[in-house]
Structures are given as C-alpha cells and as structure tokens.
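In this note's numbering, the protein residues as written are 7 to 180. Where is the CB? At the ideal position from N, CA and C, for every residue including glycine. To keep things clear, I will list the structure first and then write my remarks on it.
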Amino acid sequence: MRRVLLVGFMGSGKSTVGPLLAGAMSWRFEDFDSHVERSEGRSIPDIFREDGEPYFRKVEGEAATSLLALDEVVLASGGGWAAVPGRLRAVPDGTVSIWLRVTPEVALARAGGGTDRPVLDHPDRLGRARELLSTRTVSYAEADLEVDTDGRTPEDVCESILALIRASSEHIRG
Ligand code: S3P
Numbered sequence: 007m008r009r010v011l012l013v014g015f016m017g018s019g020k021s022t023v024g025p026l027l028a029g030a031m032s033w034r035f036e037d038f039d040s041h042v043e044r045s046e047g048r049s050i051p052d053i054f055r056e057d058g059e060p061y062f063r064k065v066e067g068e069a070a071t072s073l074l075a076l077d078e079v080v081l082a083s084g085g086g087w088a089a090v091p092g093r094l095r096a097v098p099d100g101t102v103s104i105w106l107r108v109t110p111e112v113a114l115a116r117a118g119g120g121t122d123r124p125v126l127d128h129p130d131r132l133g134r135a136r137e138l139l140s141t142r143t144v145s146y147a148e149a150d151l152e153v154d155t156d157g158r159t160p161e162d163v164c165e166s167i168l169a170l171i172r173a174s175s176e177h178i179r180g
C-alpha cells in the first residue's frame, strides 16, 4: 500500500478525516479540490460559473492523475470524481480506496446551505442529493473498503479506517 484514496459523497468527511488519517500514518495529505483551486487560481464555484462543469471535470481529472502518482499520501477526492463507473478499478497499483458512506440527510447537514457546492445548487437540495447519491452509489461501491460515517466523529471514523487497513493488510499477508 503506497497511498490511501478517500471517496464518497459531499459531506462524507473526506477532507476532515483525511488530514487526521495522514497524521496517524505520518503521511502527507492532499485534496483534489484544493489542488484544482490552486492550479486554476479560483474557487470551484467560480470555475463552474465561468467555464461550466465539463471544464471542471477535465481539470479535476488532471489533478487526480498527478496526485495518484504520489507515494505515502492520503488523498481526498471530490465527491464527483469517483462517481464515474470503473474509475476506482483503474487507479494505480498500491492505492487503497475507502468509501466514506453518508446518508443524504447527514451529508446536507454537514455541507450546510451555502453556495460552495454548485452541484447541489437546486431548489430541492435534499431531492437533488438523494438523486445524485443513488446514481453514484454503484461507483463508490467499487472502493476496496467502506466505512459508515453518520453520527460519528472524524476521530472515530479515522480509527475505523486504521483498523480496516490493518485487517486488510494482515489478510493480504495471510
Ligand atoms: C462535487 C463535490 C465537491 C467538488 C465539486 C463537485 C460533486 O467536492 O469537487 O463541488 O460533484 O460531488 P466535495 O465532495 O469535497 O464537496
């Protein structure tokens, strides 16, 4: 195992749990969205507004390719990146992907009502979150491991992930 990739819906805790996990493993942490914002010099809502979602998905894909080449790193993907069928099966060798599960209700409570998530910009945010999550679940489920996050603290989720990683590496070693 050379890198851990956190995937899951907006509000699942990828960007909160990621740094905790990286600290516990003495690895570095990188976030796809932050990488995109740094390389573009503008926020994600601005990218969506000025150039549209297809352009955002293109630069997000480029960010993913360069970050997935790093070693000893915990990566937080954006919620839409792993929603493409087959994407998690195509990650480089040495990547352990972990799906942070969340229900739409909890995701929205964590994400708040702001404008920083353009894909949730809809009069019926809960309906939109339910619809997106139901179409994305099949792709998120391609992750190697999964952990529930509803009603749990980031520290607790981090502990569960460490235990899962330990158990799966023991399993691989036999
Ligand atoms: C998106 C999720 C966001 C960000 C963009 C699109 C999505 O990341 O990449 O707003 O399509 O689910 P987070 O999951 O970190 O909020």
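Report task. For A82, name the three-state secondary structure that DSSP assigns. Result -> As a working note, residue 82 is residue 76 in the sequence shown. Three-state DSSP puts A82 in a strand.
Report task. For the region 117-177, list the alpha helix (DSSP H) runs that are entirely contained and at least 4 residues long, ordered along the chain. Result -> Correct list: 131-146.
**Report entry** Buried/exposed call for Y146, threshold 16 Cβ in 10 Å
**Finding:** As a first step, residue 146 must be located in the sequence shown, where it is residue number 140. Sixteen is the threshold: when 16 or more other Cβ atoms of the shown chains lie within 10 Å of the Cβ of Y146, as they do, the residue is buried.
Query raised in the report: What separation, rounded to the nearest whole angstrom, lies between the Cα atoms of V10 and D122?
Result: Translated into the one-based positions of the sequence shown, residue 10 becomes position 4. Translated into the one-based positions of the sequence shown, residue 122 becomes position 116. About 25 angstroms.
Query raised in the report: How would the residue list near ligand 1 read, in chain order, if you kept each one whose beta-carbon is closer than 6 angstroms to any heavy atom?
Result: Here the residues close to ligand 1, judged by CB distance below 6 angstroms to any of its heavy atoms, are M16, K20, S21, D39, I50, G84, G85, G86, R123, P124, V125 in chain order.
Requested in this report: Could you spell out where the alpha helix (DSSP H) holding T101 opens and where it closes?
Outcome: Counted from its first residue, the sequence shown places residue 101 at position 95. Per DSSP, T101 belongs to no alpha helix (DSSP H); it is in the beta strand (DSSP E), 101-107.
Report task. In the DSSP assignment, find the beta strand (DSSP E) that holds D37 and state where it starts and stops. Result -> Within the sequence shown, the letter at position 31 stands for residue 37. That run of the beta strand (DSSP E) goes 34-37.
**Report entry** Touch test, the region 31-43 against the region 124-136, Cβ-Cβ under 8 angstroms, three pairs minimum
**Finding:** Judged by Cβ distances under 8 angstroms, the region 31-43 makes no contact with the region 124-136, as fewer than three pairs qualify.
Query raised in the report: Per DSSP, which one or two residues make a beta bridge with L76?
Result: Residue numbering aside, residue 76 sits at position 70 when the sequence shown is read from its first letter. DSSP lists no partner for L76.
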